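Positions in the sequence shown are counted from 1; adding 355 to them yields our numbering.
Ideal Cβ placement from N, Cα and C applies to all residues, glycine included.
For clarity, every value in this text was computed on a predicted model and none was experimentally measured.
The structure under discussion appears below in the form of structure tokens.
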Amino acid sequence: MKIIDEKGRLFGKVNIIDFLVIFLLLLFIPGIYYGHKIFKKPVDKMSNRRSFVEIEIPCIFIKVKPETLKLMAAGDKEFNLKGDQLGEISELGKSKPYQYKFYVSGEDPNLKLPLIKEDPLLKEVPAKLKIKAEIINNKDLFYKERQIKLDAPLEFKTSQYVVEAIPFNEIQKEKLIPVRVNVNFSGLSPELSDLVSEGHIEKNNEGKIIGTLKEVLDKKPSQIQALKLEENKLVVISDPYRTDMIAVLDLLCSERDGVLYFKNYPVKIGGQIIFSSKLYIISGIITGISFTDKNDPPDLDK
């Protein structure tokens, strides 16, 4: 039998052209497969995986309506659409009026007067929130596509209510340092100078005593300059309508970056201080500073 007959068929059965086409395909297909395996960049399956960690953060629920507050309780949970738990209130503290905080600047940019206004209706509630956080870039934590940051609001949503939570750093709360200062209160009116007395106190918004008027060292009429016409010169005389007072105050001050602050005012000789009791508010200049706790003096920058 001829290998190729007169009609060009291989062994009288297969057309030689068809055979060559099939043969080339058999050679080409493995080449495509192995070439794909060699040159294709392997897919990192781990890169598509999302990493989560369960954490507990201290926070404050803000602007809570009274009807929402009645629904809130420790153990309340948030779920996604698939039914997976995202968060849970692990601890819920005592509510208090929500406070709006404002700061009024003066001529000195370092001096800011804090103003606090309580909302007559809305509440704020300290709490601890246990959440399922996603790890991004091996360093950042996200909750429901929002990065977890100090003082940045997060939404907590249950089947009954939605509230905003503000994370805060419970560990780095400001340390309060007892400080004793001498203060010169100048130009007090007679009515005001009669009110000021030893033992008066100032409290913060939580009801904690942060200032005590320990002692009045001196009280005398204010000195003013007047023109003596006979001699055409300035003289110093007593003002019968104003009083100067030197007092000792015990303060609870916070320390930030090596500087002591009392209600956001730096405690330094020559610096301003505002003392606010239930009866009055007076402003003076610090003339002396000492630390009441001699065994544990704060490490402050000179």
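- Apart from sequence neighbours up to five positions away, the residues of its chain that approach Arg405 with a beta-carbon distance below 8 Å are Glu489, ordered along the chain.
- For Met427, DSSP assigns no beta-bridge partner whatsoever.
- Per DSSP, the continuous beta strand (DSSP E) segment holding Leu441 begins and ends at Gln440 to Leu447.
- The beta carbon of Ile412 lies closer than 6 Å to those of Leu484 and Pro522 in the same chain, with the five residues before and after it left out.
- If you look at Asp599, you'll find it in the beta strand (DSSP E) that goes Lys588 to Arg611.
- Put simply, the backbone Cα of Asp605 is about 38 Å away from that of Pro421.
- DSSP, reduced to helix, strand and coil, places Glu433 within a strand of the structure shown.
- Counting along the chain, the unbroken alpha helix (DSSP H) around Ser548 starts and ends at Pro545 to Leu550.
- For Leu589, the closest of Phe646, Ile417, Pro595 and Gln580 by C-alpha to C-alpha distance is Gln580.
- Exclusion of the five residues before and after Tyr516 leaves Thr423, Leu426 and Met427 as the residues of its chain whose Cβ lies within less than 8 Å of its Cβ.
- When beta bridges are read from the DSSP output, Phe630 appears opposite Ile637.
- Secondary structure of Ile503 (DSSP, three-state): coil.
- Between Ile641 and the set Ala602, Tyr596, Leu582 and Lys569, the nearest pair of CA atoms involves Ala602.
- Spatial neighbours of Glu409 in its own chain (CB-CB distance under 7 Å, excluding positions within 5 residues in sequence) are listed in chain order as Lys485 and Lys487.
- By a beta-carbon distance limit of 8 Å, Glu446 does not contact Asp431. Their separation comes to about 11 Å.
- The beta carbon of Ile565 is closer than 7 Å to those of Glu557, Lys558, Asn559, Leu606 and Leu607 in its chain, skipping five residues each way along the sequence.
- Between Ala520 and Leu505, the gap from beta carbon to beta carbon reaches 7 Å or more.
- With fewer than 16 other Cβ atoms from the protein chains shown falling within 10 Å of its own Cβ, Val459 counts as exposed.
- An exposed status is given to Tyr596, since fewer than 16 other beta-carbon atoms sit within 10 Å of its beta-carbon.
- Residues of the same chain with a CB within less than 8 Å of the CB of Val419, apart from the 5 flanking positions on each side, are Met427, Ser450, Tyr453, Leu477, Lys478, Glu479, Val480 and Val518 in chain order.
- Pairing Ile471 with Lys456 gives a Cβ-Cβ distance under 7 Å.
- DSSP, read as helix, strand or coil, puts Leu582 in strand.
- For the set Glu500, Glu473, Asp474 and Ile384, the Cα lying nearest the Cα of Leu441 is the one of Glu500.
- The residue from Val534, Phe434, Ala429 and Asp474 with its alpha-carbon nearest to that of Glu610 is Val534.
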